[in-house]
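See below for the structure under consideration.
Numbering (the numbering used here), first residue to last: 1 to 452.
See below:
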């Protein structure tokens, strides 16, 4: 039985004790009508609880048997009262109390308690920030874990909602997906909800549906847990200027509204705490110290555990990876980030073209795997719509000239496992590459070897 349902039913049964007290008071005052009415209410409550248990656990449980015995006792007392038979109130009360004790004991010990845990990812490419947590929950026989991808929208330049996206069909095949349209959060009230989107309405590029904002989700669970979809370069929590730069990653709705926040390290936990204290006041330090945990990022946990045997290389990629003699080229993952592009779009467009030209010269020995940020299109169309056509031209040029692998799939981990080195912009990918000891080179957009 789901933990939340069991709790509800136990609370209902607990109300019977108060009802028994009321019955005794009515009988002592000679108010038989009120006592009979209260008895009928007790019986209806017991029947309703029994029906819920049957629906959840099937028929034949000891809990329902105890409830049936209770209803029989209620019926006997009811007949005594309406037939005007004399009764000793204290004995009647003891019988009711003994029967209720049996019900409570049976329900408490004989009904299995299953915790329901719901995961609400929105982009399939960010699933790795929750995946290892889900796997542990899914493997626990005392947990019912559900993965429910939620829709998100592009935000138009004027701030209105644009195209809706739903990526439920892009998740790994071993992840059973539940439709968000068929799952009622309010009715099910899962024990825990995990999210990886921290922004609510504070993202200028995309937004999940407002129903799934953290400030709303907290109403439908006992525990809302936020795990960032990104990992960050470690920062000195005592460096005030560095903390100012971190606020854009920390001072977010999910950090405020979640019951628990899990970050990549104990050091990052201190960074989060200091940032939130700067934002909300020293009087809240103890609150954030209890809320924020530095137990590690699932993204790092997953990538560290993977090998080449865990990935399937698409057939169309192999012509870029293998030399004519069958030996494998070095693979360089090329990452272009949102931040770098928005800082100087025109220069970045030149730089991207220049990188292509450089790697073409070394195609015999090196394979380039280009992975633009998964929100690149949505970001450009929202903030710099006049530049999307030119960025799209870079993609077309890259593909038409077969410069290398173009990876716009949701599977970031495959690219990281395949790659021998990283080249590109500063981003959370750098932290992941460091975790697996991959060589890293950060590109400088101002350095152009062959200007267009």
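Idealized CB from N, CA, C, for every residue including glycine.
Hey, how far is the Cα of residue i from the Cα of residue j?
i           : j           : result
residue 132 : residue 399 : 34 Å
residue 200 : residue 25  : 53 Å
residue 152 : residue 197 : 10 Å
residue 443 : residue 348 : 10 Å
residue 329 : residue 124 : 29 Å
residue 368 : residue 184 : 45 Å
residue 374 : residue 427 : 13 Å
residue 139 : residue 177 : 16 Å
residue 410 : residue 104 : 49 Å
residue 346 : residue 395 : 15 Å
residue 255 : residue 249 : 10 Å
residue 108 : residue 164 : 45 Å
residue 2   : residue 58  : 14 Å
residue 231 : residue 135 : 20 Å
residue 143 : residue 53  : 18 Å
residue 268 : residue 305 : 22 Å
residue 488 : residue 17  : No answer is possible for residue 488: the residues shown for the chain start at 1 and end at 452.
residue 114 : residue 56  : 11 Å
residue 449 : residue 246 : 33 Å
residue 446 : residue 282 : 42 Å
residue 60  : residue 42  : 21 Å
Should residue i and residue j be called a contact, given that it needs their Cβ atoms to be closer than 7 Å?
i           : j           : result
residue 208 : residue 175 : no
residue 106 : residue 62  : yes
residue 81  : residue 20  : no
residue 459 : residue 27  : Any answer about residue 459 is impossible in this case: the structure gives the chain only from 1 up to 452.
residue 397 : residue 370 : no
residue 261 : residue 192 : no
residue 337 : residue 205 : no
residue 195 : residue 120 : yes
residue 220 : residue 186 : yes
residue 436 : residue 303 : yes
residue 243 : residue 289 : no
residue 415 : residue 408 : no
residue 331 : residue 236 : no
Is residue i helix, strand or coil when you go by DSSP?
i           : result
residue 423 : strand
residue 20  : helix
residue 252 : coil
residue 261 : strand
residue 205 : coil
residue 58  : coil
residue 372 : strand
residue 164 : strand
residue 153 : strand
residue 266 : helix
residue 363 : coil
residue 335 : strand
residue 145 : strand
residue 283 : helix
residue 220 : helix
residue 88  : coil
residue 49  : helix
Relative to the alpha-carbon of residue i, which residue among the options has its alpha-carbon at the smallest distance?
i           : options            : result
residue 180 : 189, 88, 168       : 168
residue 226 : 446, 403, 214, 220 : 214
residue 438 : 445, 422, 449, 448 : 422
residue 327 : 333, 334, 319      : 319
residue 216 : 372, 232, 258      : 258
residue 150 : 202, 211, 90       : 211
residue 130 : 155, 172, 340      : 172
residue 412 : 424, 429, 425      : 429
residue 355 : 441, 237, 203, 306 : 441
residue 222 : 449, 4, 446        : 4
residue 102 : 363, 115, 70       : 70
residue 424 : 433, 76, 67        : 433
residue 239 : 263, 264, 270      : 270
(message) Tell me whether the segment 36-49 and the segment 8-16 touch, counting them as touching only if at least three CB pairs, one residue from each stretch, are closer than 8 Å.
(response) yes
(request) Give a yes or no on contact between the segment 291-311 and the segment 227-238, applying the rule of three or more CB pairs nearer than 8 Å. (result) yes
(message) Any contact between the segment 303-319 and the segment 264-278? By contact I mean 3 or more CB pairs, one from each, below 8 Å.
(response) no
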